[in-house]
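Visitor: I'd like to ask some things about the structure below.
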Amino acid sequence: GSHDKYKTDGKFDLAKWQAVMDAYNTSAIKTAVAEGVADGTIVMNNVMDEPQTASWGGVMTKSLLDQMATYVRGIFPTLPIGVTHIPEWRTAERYQVMDAILTQYLWRRGDVTAWRDMALAVAQQNGVALVFSINILNGGVKDDVTEACPIPLTGGTGTSTGLCRMTADQVRDWGRFLGVAGCAMSMWRYDDAFMANPENQQAFRDVAATLATVPGRPCRRVAGGTPPPINTPPTAAFAAPSCTTGVACQFTDASSDTDGSIASRSWQFGNGLSATGANPTTTYATAGSYNVTLKVTDNLGAQSSVTRSVTVGLPNTPPVAAFAAPSCAAGVTCGFTDASRDDDGTIASRSWEFGNGATATGANPSITFASAGDYNVTLTVTDDDGAESSVTQSVTVGPPPNTAPTAAFDPPSCIRGVACQFNDGSRDDDGTIASWSWEFGNGATATGANPSITFASAGDYDVTLTVTDDDGAENSVTRSVTVGLPANTPPSAAFDAPSCTAGVACGFTDKSSDIDGTIAARRWDFGNGQTSTAVNPSITFAAAGTFSVTLTATDNGGAEGSVTKSVIVASVAPAPATISLSLTGSVKSGRQHVLLTWSGAIGASVRLYRDGVLIQTTANDGTQDNVLPTQGKASYVYKVCETGTSRCSASKTFVLPSILLNVTSWMKEVDLQAMTYLWIGANGATMNVYRNGALIQNTANTGRYTSTRRFSGPATYLLKVCETATSRCSNTVTATFK
Numbered sequence: 019g020s021h022d023k024y025k026t027d028g029k030f031d032l033a034k035w036q037a038v039m040d041a042y043n044t045s046a047i048k049t050a051v052a053e054g055v056a057d058g059t060i061v062m063n064n065v066m067d068e069p070q071t072a073s074w075g076g077v078m079t080k081s082l083l084d085q086m087a088t089y090v091r092g093i094f095p096t097l098p099i100g101v102t103h104i105p106e107w108r109t110a111e112r113y114q115v116m117d118a119i120l121t122q123y124l125w126r127r128g129d130v131t132a133w134r135d136m137a138l139a140v141a142q143q144n145g146v147a148l149v150f151s152i153n154i155l156n157g158g159v160k161d162d163v164t165e166a167c168p169i170p171l172t173g174g175t176g177t178s179t180g181l182c183r184m185t186a187d188q189v190r191d192w193g194r195f196l197g198v199a200g201c202a203m204s205m206w207r208y209d210d211a212f213m214a215n216p217e218n219q220q221a222f223r224d225v226a227a228t229l230a231t232v233p234g235r236p237c238r239r240v241a242g243g244t245p246p247p248i249n250t251p252p253t254a255a256f257a258a259p260s261c262t263t264g265v266a267c268q269f270t271d272a273s274s275d276t277d278g279s280i281a282s283r284s285w286q287f288g289n290g291l292s293a294t295g296a297n298p299t300t301t302y303a304t305a306g307s308y309n310v311t312l313k314v315t316d317n318l319g320a321q322s323s324v325t326r327s328v329t330v331g332l333p334n335t336p337p338v339a340a341f342a343a344p345s346c347a348a349g350v351t352c353g354f355t356d357a358s359r360d361d362d363g364t365i366a367s368r369s370w371e372f373g374n375g376a377t378a379t380g381a382n383p384s385i386t387f388a389s390a391g392d393y394n395v396t397l398t399v400t401d402d403d404g405a406e407s408s409v410t411q412s413v414t415v416g417p418p419p420n421t422a423p424t425a426a427f428d429p430p431s432c433i434r435g436v437a438c439q440f441n442d443g444s445r446d447d448d449g450t451i452a453s454w455s456w457e458f459g460n461g462a463t464a465t466g467a468n469p470s471i472t473f474a475s476a477g478d479y480d481v482t483l484t485v486t487d488d489d490g491a492e493n494s495v496t497r498s499v500t501v502g503l504p505a506n507t508p509p510s511a512a513f514d515a516p517s518c519t520a521g522v523a524c525g526f527t528d529k530s531s532d533i534d535g536t537i538a539a540r541r542w543d544f545g546n547g548q549t550s551t552a553v554n555p556s557i558t559f560a561a562a563g564t565f566s567v568t569l570t571a572t573d574n575g576g577a578e579g580s581v582t583k584s585v586i587v588a589s590v591a592p593a594p595a596t597i598s599l600s601l602t603g604s605v606k607s608g609r610q611h612v613l614l615t616w617s618g619a620i621g622a623s624v625r626l627y628r629d630g631v632l633i634q635t636t637a638n639d640g641t642q643d644n645v646l647p648t649q650g651k652a653s654y655v656y657k658v659c660e661t662g663t664s665r666c667s668a669s670k671t672f673v674l675p676s677i678l679l680n681v682t683s684w685m686k687e688v689d690l691q692a693m694t695y696l697w698i699g700a701n702g703a704t705m706n707v708y709r710n711g712a713l714i715q716n717t718a719n720t721g722r723y724t725s726t727r728r729f730s731g732p733a734t735y736l737l738k739v740c741e742t743a744t745s746r747c748s749n750t751v752t753a754t755f756k
């Protein structure tokens with residue numbers, strides 16, 4: 019082909035070829051290639067086909083091909099690298115890296131022995147292995163080749179002048195003749211029919227047995243060499259500058275080349291102007307965003323480019339500094355609010371000078387003036403383009419205001435029913451406390467400095483003290499006060515001895531109480547080595563007998579109380595030999611019900627199975643009603659099993675006595691009626707669907723079918739389904755649309 023994807027301006031571009039190779043540099047591909055090389059499936063990679071042709075763009079050299087081989091080896095370290103060309107191509111040059119040459123009889127024809135010997139001599143001069151291609155003989159069959167090869171090719175004698183279809187013997191004879199000098203054979207222009215022929219397959223095996231190989235390294239070079247350096251393309255780079263209309267805008271090249279130098283540059287500024295210098299300038303006439311592209315070329319001709327968006331703004335208008343003079347008092351924090359603006363940008367920074375030696379840089383700072391008086395406050399603002407503006411205002415600072423008092427008290431330790439003393443710890447730094455107001459959280463209040471109060475109940479109370487100073491200022495504080503109980507009364511442990519049976523779970527119920535608190539923990543000792551901390555535990559005694567069961571209760575105050583009772587455990591009753599199950603069917607509200615009745619199960623619960631699937635775990639009361647789905651089959655298999663054991667009843671099959679139909683109808687669209695038939699109990703592969711006595715569809719017996727009909731006014735439909743093979747029908751269902 020034209021190989022355009024590897025070219026730049028019609029010339030071969032090594033960087034583009036490397037980019038194509040990079041697409042194969044993935045862990046999955048590398049692993050697969052390494053495995054293929056290891057097991058012999060892959061014998062060579064062809065980096066270029068027929069470099070002697072003009073289609074690659076420019077003159078190819080063995081040095082360039084060695085660079086390409088080195089690059090592939092960097093991706094696939096174990097993969098043999100080869101190239102396809104005629105033996106007499108650039109014989110004055112030598113490969114230093116390449117492993118193998120694939121050469122084709124197509125280019126030579128004529129005397130095959132002379133062709134083979136020439137190819138072998140070239141391979142030995144370059145230290146590479148040989149891969150022979152016999153594609154001129156077609157290596158098989160193809161649509162455009164229908165004639166057989168007309169001449170005998172025994173032992174490699176004879177010539178061929180055109181495409182022909184080879185026989186298995188011809189493949190074998192030519193392959194053996196050429197293979198003794200090569201590490202592999204290449205075939206081209208074959209199809210699946212040729213490759214599937216057992217005779218041809220055996221011919222391939224015979225040829226493979228005679229191929230010459232370098233010991234331990236098939237299709238690898240036998241002479242060493244130093245790979246030529248691979249030119250690394252440069253990296254184009256520059257930072258987008260800030261530009262203004264009508265002002266020269268400076269661009270600075272930041273490009274680099276790791277294995278050489280930058281030889282030339284080409285700038286496109288997006289305004290129709292260009293430059294070739296390292297650090298050019300350009301002037302934009304109009305504000306806006308411009309795509310600026312820098313293309314650099316290194317000393318070996320490799321190129322790289324980068325495009326950045328450059329924003330060009332209008333000339334800057336200075337900001338306007340502004341703030342309103344606040345009302346301030348000495349000793350009190352005074353807030354200032356910036357009201358500056360920048361009509362063509364933003365305020366980037368601020369500098370405040372408050373006339374008392376203090377400064378700030380925030381938008382809305384606060385400052386405390388120590389003394390009353392008049393202060394000249396100056397605000398200087400700078401916009402995002404560096405322009406400044408200042409304003410000075412006179413700020414009057416008045417005398418300090420009254421300082422509110424600080425309400426304070428320490429929460430005392432209180433006991434229910436005992437008078438509890440509160441002591442005021444409030445202060446007023448610029449005066450005195452004039453009055454007190456206490457709220458104790460239980461509805462009681464007081465106005466003294468150090469009152470006492472008796473709490474009727476234990477608990478936590480929010481006590482609030484509000485104090486007022488001699489200037490009328492107030493302050494409040496709320497503290498949580500804990501009122502405790504008198505000395506703790508131990509709890510009373512209690513439970514009733516249950517009737518228990520060996521091997522069956524036996525439940526215990528805690529009835530402990532605590533007159534002055536709550537039960538915080540329990541410990542049960544069942545007299546058989548088992549214990550529990552649950553409120554109402556369940557325990558299984560392994561053997562019959564009398565057991566001393568002890569319950570120890572602990573209250574929320576840490577006190578304990580215990581009680582011990584004798585519990586009689588009876589022997590386990592023998593289980594019935596089997597679990598019997600019977601099934602009874604009925605139809606209720608249009609649904610098929612199956613009543614399961616069983617006996618002989620032991621334990622509190624049983625598991626119910628339908629068609630081998632657990633459908634319910636229920637109390638072992640002997641009966642359970644099961645509702646079948648509206649869409650289903652003609653029969654269902656049930657069984658009952660004891661919970662926790664493997665004892666089960668025999669499976670019983672319930673066969674529906676008739677086909678049961680349910681219908682769901684609705685308006686699917688404004689004028690489109692939809693009716694879904696749902697049936698259960700039908701046999702056979704297909705069903706006939708009827709509407710108003712007319713057959714509308716024969717469908718698979720899936721238990722569901724939906725039909726639609728354009729709405730033309732109120733209508734009532736009589737619907738049913740019937741087995742196709744037997745004409746056995748369901749009940750008739752009425753669907754009405756209004």
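Quick note on numbering: our numbering labels position 124 of the sequence shown as 142, and the sequence is numbered without any gaps.
Ideal Cβ positions, reconstructed from N, Cα and C, are used throughout, including at glycine.
Excluding the 5 residues flanking I533 on each side, which residues of the same chain have their C-beta closer than 6 Å to its C-beta?
Guide: Closer than 6 Å at Cβ, skipping near neighbours: T507.
Visitor: I believe W370 touches F387 by the beta-carbon criterion, under 8 Å. Please report the beta-carbon distance rounded to the nearest angstrom.
Guide: By a beta-carbon distance limit of 8 Å, W370 does not contact F387. Their separation comes to about 13 Å.
Visitor: Determine the contact status of S444 and W456, defining contact as a CB-CB distance below 9 Å.
Guide: no
Visitor: Tell me which residues share the same chain as A118 and place their Cβ nearer than 7 Å to its Cβ, disregarding the 5 neighbours each side in the sequence.
Guide: M62, P98, G100, V146, A147, L148, V149, C201 and C237
Visitor: Leaving aside the five residues before and after W125 along the sequence, list all residues of the same chain whose C-beta is less than 8 Å from its C-beta, in chain order.
Guide: Confidence in W125 is poor, its pLDDT being 43 and thus under 50, which makes the residue's placement unreliable; the coordinate value appears in the next sentence. Excluding positions up to five away in sequence, the list reads I104.
Visitor: Under three-state DSSP, which class holds S748?
Guide: strand
Visitor: Let me know the beta strand (DSSP E) ranges lying completely inside the segment 312-343, each 3 residues or longer, listed in chain order.
Guide: 321-331
Visitor: I'd like to know whether the C-beta of W616 is nearer than 9 Å to at least one C-beta of chain B.
Guide: In the structure shown, chain B cannot be found, because there is only a single protein chain.
Visitor: Looking at R722 and W684, is the spacing between their C-beta atoms short of 9 Å?
Guide: no
Visitor: Would you grab the beta carbon distance between N719 and G699 for me? Rounded to a whole angstrom, and I think it's under 8 Å.
Guide: Not confirmed; about 11 Å, so no contact.
Visitor: Does DSSP put G517 in a helix, a strand or coil?
Guide: The identity of residue 517 in the sequence shown is Ser, whereas the question assumes Gly. DSSP, read as helix, strand or coil, puts S517 in coil.
Visitor: CA-CA distance, H16 and S81?
Guide: Outside the displayed span of the chain (19 to 756) sits residue 16, for which this structure offers no information.
Visitor: Going by DSSP in three states, T131 sits in which element: helix, strand or coil?
Guide: helix
Visitor: For a test of the three-state rule: what should DSSP assign to L646, helix, strand or coil?
Guide: coil
Visitor: Could you give the DSSP three-state label for A72: helix, strand or coil?
Guide: helix
Visitor: Taking the alpha-carbon positions, what's the A511 to A476 distance?
Guide: 24 Å
Visitor: Applying the criterion that 16 or more other CB atoms from any shown protein chain within 10 Å of the CB defines a buried residue, is E761 buried or exposed?
Guide: This structure gives no information on residue 761, because the portion of the chain shown stretches from 19 to 756.
Visitor: If we require 3 or more residues per run, which beta strand (DSSP E) segments fall completely within the segment 535-617?
Guide: 537-543, 556-558, 563-573, 578-588, 598-606 and 609-617
Visitor: Do T131 and S151 have their C-beta atoms within less than 9 Å of each other?
Guide: no
Visitor: Looking at the structure shown, is W456 part of a helix, part of a strand, or coil, going by DSSP?
Guide: strand
Visitor: I need the boundaries of the alpha helix (DSSP H) containing Q184, first residue and last residue.
Guide: In the sequence on display, residue 184 carries Met and not Gln. Segment: none, M184 is in no alpha helix (DSSP H) and carries neither H nor E.
Visitor: Does the beta-carbon distance from G502 to R434 come in below 9 Å?
Guide: Yes, these two residues count as a Cβ contact at 9 Å.
Visitor: Count the other C-beta atoms from every protein chain shown that fall within 10 angstroms of the C-beta of I586, then say buried if there are 16 or more, exposed otherwise.
Guide: exposed
Visitor: Hey, is the segment 298-312 in contact with the segment 340-351, meaning 3+ C-beta pairs nearer than 8 Å?
Guide: In this structure the segment 298-312 does not touch the segment 340-351; the number of beta carbon pairs closer than 8 Å is below three.
Visitor: Under the DSSP definition of a beta bridge, which residues are partnered with N374?
Guide: None, per the DSSP bridge assignment.
Visitor: Between which residues of its own chain and R727 is the CB-CB distance below 6 Å, once the five residues before and five after are set aside?
Guide: Q691
Visitor: Taking 9 Å as the threshold (C-beta atoms), are A523 and S589 in contact?
Guide: no
Visitor: Apart from the five residues on each side of it in sequence, which residues of its chain come closer than 8 Å, Cβ to Cβ, to K23?
Guide: K34 and V38
Visitor: If distances are taken between C-alpha atoms only, which option among T311, K529 and V495 comes closest to L483?
Guide: Of the listed residues, the one whose Cα sits closest to L483 is V495.
Visitor: So, for T421: in the same chain, excluding its five sequence neighbours on each side, which residues have a beta-carbon less than 6 Å away from its beta-carbon?
Guide: D447 and D448
Visitor: Is it true that the CB of Q321 sits closer than 9 Å to the CB of P252?
Guide: yes
Visitor: Mind checking T179: buried by the 16 CB within 10 Å criterion, or exposed?
Guide: Because T179 sits at a pLDDT of 47, beneath the cut-off of 50, its placement in the model cannot be relied upon, and the following sentence gives the value as read from the coordinates. T179 is exposed by the Cβ-count criterion.
Visitor: Excluding five sequence neighbours on each side, which residues of the same chain lie with their C-beta closer than 6 Å to the C-beta of I93?
Guide: N43
Visitor: Excluding the five sequence neighbours on either side, which residues of its own chain have a C-beta within less than 7 Å of the C-beta of F287, listed in chain order?
Guide: T300, Y308 and V310
Visitor: L82 lies in the beta strand (DSSP E); which residues open and close that run?
Guide: Premise fails: L82 lies in the alpha helix (DSSP H), K80 to I93, not in any beta strand (DSSP E).
Visitor: Taking the straight line between their C-alpha atoms, what separation do you get for W107 and V225?
Guide: 27 Å
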